[in-house]
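Protein sequence lines correspond, in order, to chains A and B. With positions in the first sequence counted from 1, the corresponding number in this note's numbering is that position plus 9. With positions in the second sequence counted from 1, the corresponding number in this note's numbering is that position plus 9. Here the structure is laid out as structure tokens; the discussion comes afterwards.
There are 2 protein chains.
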Amino acid sequence: MKLAIIGSYGHLPVVLEGLKQAPDVQLVAAARWGQDDSMGFVGTAAPADLPVHDDYRAMLDEVRPDLAAVFVPFYRLAEAAMAAAESGCQIFMEKPLATTLEDLARLRAAVDRAGVQVAACLTCRGDAAFRTIRQAVLAGRIGRCIYAAAQKSYPFNVRDEFYRTRQTYGGTISWIGIHAIDYIHYCTGQDYRRVAAIASNQAHPSRPGMEDQGGLLLELSGGGAVVINFDYLRPWGKHKRPWGDDRLRIAGTEGIIETKDSASAVELMTPDATETLPLAPAVNIFADFAAALAGGTQPLLTTEESFRATEIALKARQAQDSGRFVEL
Amino acid sequence: MKLAIIGSYGHLPVVLEGLKQAPDVQLVAAARWGQDDSMGFVGTAAPADLPVHDDYRAMLDEVRPDLAAVFVPFYRLAEAAMAAAESGCQIFMEKPLATTLEDLARLRAAVDRAGVQVAACLTCRGDAAFRTIRQAVLAGRIGRCIYAAAQKSYPFNVRDEFYRTRQTYGGTISWIGIHAIDYIHYCTGQDYRRVAAIASNQAHPSRPGMEDQGGLLLELSGGGAVVINFDYLRPWGKHKRPWGDDRLRIAGTEGIIETKDSASAVELMTPDATETLPLAPAVNIFADFAAALAGGTQPLLTTEESFRATEIALKARQAQDSGRFVEL
């Protein structure tokens, strides 16, 4: 498969790292998302002679890639992915798939017309901790999942200019809350019925459209409550600590399973024991997607799930704005 | 001060333990809340010759105590506390103060008419971890509090019959969620603006009115989000572990502080360091209330706060039932 990269923003390193495990994929071209695109990976993680285009549409027409990796600023993701779909590309892209429900519907239509697959870069699915939890849940270790609590916490640190407004950033629910929305679904196997949300910017006036903390309250499709808290308040400075502090706790009818120490370990509690589980191997979700395309198998994250996670995040944002539960 | 005990349900041991540190208080009488009341403390934690009455109203008339400790099943708390107030007693009582907003208003009026003080048995305020967090927050260690996440988790284990229905039990928000509502207020110094809630019984059909898990989403009075998750799903059996797993994490503009290991430790994160704080000494909140009455000082938990925590819990239950945010 010929791979073309559109934009070098965000989690493109997931693709560049995954390429090492994707023998069927050849990186053949890249295109800047705009004049500001550094394309810093060319000459470091990719050969210095990689053809780099200024216009991704022209690149798609010229190169005709089989697979596009779309990593542009969030408000332009849907537009670039639609162009890739219209060119017949399979698509691996930054999440969220779109920053408005209207753009999401347009992308969905384009993807359906083209008959291509889309995988959002919801990296947590590939993390050892969440894979371990999913395996334990599937093995019945905690019975039926009936309740979950999750956290996403990051430092504010330095943020790009386009995080300044809702219009260009999309909101913190769709940028970081979406991971928890997705990994709870991934680990429990359940969808959601409804959502309420509160989020605001309290301490970072340089990026007024960027909520620096918030919470989600959701109902699982099987019944039961989910709470998610997310923030950009993780202290950052001379004391070195992991970038993020992801957490997940799922209670079932027979036990409780949860991450420990910023998702570096997983603990299972049952009436008989408290045990630290051996971690499942981590998976690079780009390599997984490429392998699934090559083998005709199902990827770790399906097209449906990529759209659904984005839809839920954008409806949660509606709930935040309206102060009401939104049905899912 | 003469103390009379009304009922031996719930957290009465907090009073019996606190008496050892309350030299101004003499336990002079007790009354059963009903025929089923075991009064097991008489002859063990209290003298075997303690006068025990069958009717608390008659006991109040006869003994004229200065202070009443009210520990009856939840749906009868307001009624018994009203009788104590009308008798002119200061009141230390099980939480919630009432299981309906109507009863809460009636109790409020009785307390105001009598000019007495009421302290709810919100024990977490006296716990070392929450006192440590409050002290650190008051000392400015995390800046302005703008976000919190809390957990209350208990085993279902064995529950009394009156937990079966909402009418007699009151609901899990008002029985265990109320602690987190209160200790977030205690630690942040902030009130709340609005609340949404989801809770249900998923796995304990023997007590259909007793929600076995749920979540609250609140907005702090100063802005910022709070999520609380609570459950009765903590595994309980031959593996011994602490009864509860209380948690609290507060983020401020300058750092994050949180409990570790079922609130047996407190960790503070700032840009410069991650440190485990020395724990403040625990306080018995009954002994504290008695000392405040004797000294004319402010107790750890005021009458206003006792009523407010109950009001918020009951309004959160309204939010649960209506599927809407309720203003606070």
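Heads up, the beta-carbon is just placed ideally off N, CA and C, and yes, glycines get one too.
| field | Distance, A:Ile187 Cα to A:Leu106 Cα | value | As a first step, residue 106 of chain A must be located in the first sequence, where it is residue number 97. As a first step, residue 187 of chain A must be located in the first sequence, where it is residue number 178. Going by the C-alpha atoms only, they are around 11 Å apart.
| Does any residue of chain A bring its CB to less than 8 Å from the CB of B:Trp343? | Shown here, chain B extends from 10 to 337; a query on residue 343 of chain B therefore has no answer.
| query | So which residues of chain A does B:Arg168 contact, with C-beta pairs closer than 9 Å? | reply | By 1-based counting over the second sequence, the position of residue 168 of chain B is 159. Ordered by position in chain A, no residue passes the 9 Å Cβ test against B:Arg168, which lies about 16 Å from the chain.
| message | Does B:Thr197 pass the burial test, meaning 16 or more other C-beta atoms within 10 Å, or should it be called exposed? | response | Locating residue 197 of chain B in the second sequence gives position 188, where the first residue counts as 1. Its Cβ being crowded by 16 or more others within 10 Å, B:Thr197 is buried.
| Is the CB of B:Thr174 under 8 Å away from at least one CB in chain A? | What you label residue 174 of chain B is simply residue 165 of the second sequence in a count that begins at 1. Taking Cβ atoms only, chain A never reaches closer than 8 Å to B:Thr174, which makes this a no.
| query | Looking at the unbroken beta strand (DSSP E) that takes in B:Gln99, where does it start and where does it end? | reply | The sequence position of residue 99 of chain B within the second sequence is 90, counting from 1. Run containing B:Gln99: 99-102, per the beta strand (DSSP E) assignment.
| query | Looking at chain B, which residues of the segment 195-214 of chain A have a Cβ within less than 8 Å of any of its Cβ atoms? | reply | Arg203, Ala205, Ala206, Ile207, Ala208, Ser209, Gln211, Ala212
| Helix, strand or coil: how does DSSP classify A:Arg256 here? | For the purposes of this step, residue 256 of chain A is taken as the residue at position 247 of the first sequence. Of the three classes helix, strand and coil, the one that applies to A:Arg256 here is strand, per DSSP.
| query | So, helix, strand or coil for A:Ser331, using DSSP? | reply | Translated into positions along the first sequence, residue 331 of chain A becomes position 322. It is helical.
| field | Where A:Gln211 sits in the DSSP three-state scheme | value | What you label residue 211 of chain A is simply residue 202 of the first sequence in a count that begins at 1. The answer is coil: DSSP assigns A:Gln211 none of H, G, I, E or B.
| CB of A:Val79 within 8 Å of CB of A:Ile259, strictly | As a first step, residue 79 of chain A must be located in the first sequence, where it is residue number 70. As a first step, residue 259 of chain A must be located in the first sequence, where it is residue number 250. No, Cβ-Cβ distance for A:Val79 and A:Ile259 is not below 8 Å.
| In terms of alpha-carbon separation, which member of A:Ala138, A:Lys29, A:Met102, A:Leu286 lies closest to A:His20? | In the first sequence, the residue the question calls residue 20 of chain A occupies position 11. Nearest C-alpha to A:His20: A:Met102.
| Which word fits B:Asp191, buried or exposed, when buried means at least 16 other C-beta atoms lie within 10 angstroms of its C-beta? | As a position in the second sequence, residue 191 of chain B is number 182, starting the count at 1. So B:Asp191 counts as buried.
| task | List the DSSP bridge partners of B:Pro164. | result | Stepping through the second sequence from its first residue, residue 164 of chain B is reached at position 155. Paired residue(s): B:Leu242.
| Counting contacts by CB-CB distance shorter than 8 Å, is B:Leu337 in contact with chain A? | Counted from its first residue, the second sequence places residue 337 of chain B at position 328. Closer than 8 Å: no.
| task | Would you identify the three-state DSSP class for A:Thr174, choosing helix, strand or coil? | result | Taking the first residue of the first sequence as position 1, residue 174 of chain A is located at position 165. Of the three classes helix, strand and coil, the one that applies to A:Thr174 here is coil, per DSSP.
| task | Could you name the residues of chain A that B:Gln222 contacts, counting a contact when the two beta carbons are closer than 8 Å? | result | Residue numbering aside, residue 222 of chain B sits at position 213 when the second sequence is read from its first letter. Those are Ile155, Tyr156, Gly233, Ala234, Ala260, listed as they occur along chain A.
| task | Count the C-beta pairs between the segment 124-131 of chain A and the segment 227-243 of chain A that are closer than 8 Å, then say yes if the count reaches three, no if not. | result | no
| So the alpha helix (DSSP H) B:Val23 belongs to, where does it begin and stop? | As a working note, residue 23 of chain B is residue 14 in the second sequence. Here the alpha helix (DSSP H) through B:Val23 covers 21-27.
| message | On the criterion of 16 or more Cβ atoms from any shown chain inside 10 Å, does B:Asp45 qualify as buried, or is it exposed? | response | The residue you call residue 45 of chain B lines up with position 36 of the second sequence. Exposed: under 16 other Cβ atoms inside 10 Å.
| field | Listed by chain order, chain A residues near B:His248 by CB distance under 7 Å | value | Taking the first residue of the second sequence as position 1, residue 248 of chain B is located at position 239. Within chain A, the residues near B:His248 are Pro280, Asp281, Ala282, Thr283.
| Near A:Met91, what residues of its chain come up, given a Cβ to Cβ distance below 7 Å and the 5 sequence neighbours on each side ignored? | Position 82 of the first sequence, counting from 1, holds the residue named residue 91 of chain A. Arg115, Leu116, Ala119.
| What residues match up with A:Met278 in a beta bridge as DSSP calls it? | In the first sequence, the residue the question calls residue 278 of chain A occupies position 269. Note: A:Met278 sits in a beta bridge opposite A:Ile265, A:Thr283.
| field | Chain-order list of residues whose beta-carbon lies under 6 Å from that of A:Asp200 (same chain, five-residue window excluded) | value | Working through the first sequence from its first residue, we reach residue 200 of chain A at position 191. In chain order, Ser230 place their CB closer than 6 Å to the CB of A:Asp200, counting only its own chain and leaving out the 5 sequence neighbours on each side.
| message | Between B:Asp255 and chain A, is any beta-carbon pair separated by less than 8 Å? | response | If you number the second sequence from 1, residue 255 of chain B lands on position 246. Closer than 8 Å: no.
| Proximal residues of chain B, C-beta to C-beta of A:Asp240 below 8 Å | The residue you call residue 240 of chain A lines up with position 231 of the first sequence. Ordered by position in chain B, the residues that pass the 8 Å Cβ test against A:Asp240 are Tyr156, Ala260.
| request: Can you give me, in chain order, the residues of the segment 324-335 of chain B that have a beta carbon less than 8 Å from any beta carbon in chain A? | output: Gly332, Arg333, Phe334
| query | Where in the segment 131-156 of chain B do unbroken runs of the alpha helix (DSSP H), each at least 4 residues long, occur, reported from the N-terminal end onward? | reply | 137-147
| said: Just to check my reading of the structure: A:Val61 and A:Tyr18 have Cβ atoms closer than 8 Å, yes? What is that Cβ distance to the nearest angstrom? | reply: In the first sequence, the residue the question calls residue 61 of chain A occupies position 52. In the first sequence, the residue the question calls residue 18 of chain A occupies position 9. Incorrect: roughly 15 Å between the Cβ atoms, too far for contact.
| task | Scan the segment 261-272 of chain B for residues whose Cβ lies nearer than 7 Å to a Cβ of chain A and list them as they occur along the chain. | result | Thr262, Gly264, Ile265
| Alpha carbon to alpha carbon, how far is B:Ile393 from A:Gly232? | With chain B covering only 10 through 337, there is no way to say anything about residue 393 of chain B.
| request: List the endpoints of the continuous alpha helix (DSSP H) containing A:Ile190. | output: Looking up residue 190 of chain A in the first sequence gives position 181. Its alpha helix (DSSP H) spans residues 187-197.
| said: So, at 8 Å on beta carbons, what are the nonlocal neighbours of A:Asn210 in its own chain, with the 5 sequence-adjacent residues on each side left out? | reply: Translated into positions along the first sequence, residue 210 of chain A becomes position 201. Answer for A:Asn210: Arg216, Pro217, Gly218, Met219, Glu220, Asp221, listed in chain order.
| Identify the residues that DSSP records as bridge partners of A:Glu336: which are they? | In the first sequence, counting from the first residue as 1, residue 336 of chain A sits at position 327. Residue pairing for A:Glu336: DSSP places it in a beta bridge opposite A:Arg203.
| Three-state secondary structure assigned by DSSP to A:Gln222 | Stepping through the first sequence from its first residue, residue 222 of chain A is reached at position 213. In the structure shown, A:Gln222 sits in a strand (DSSP, three-state: E or B).
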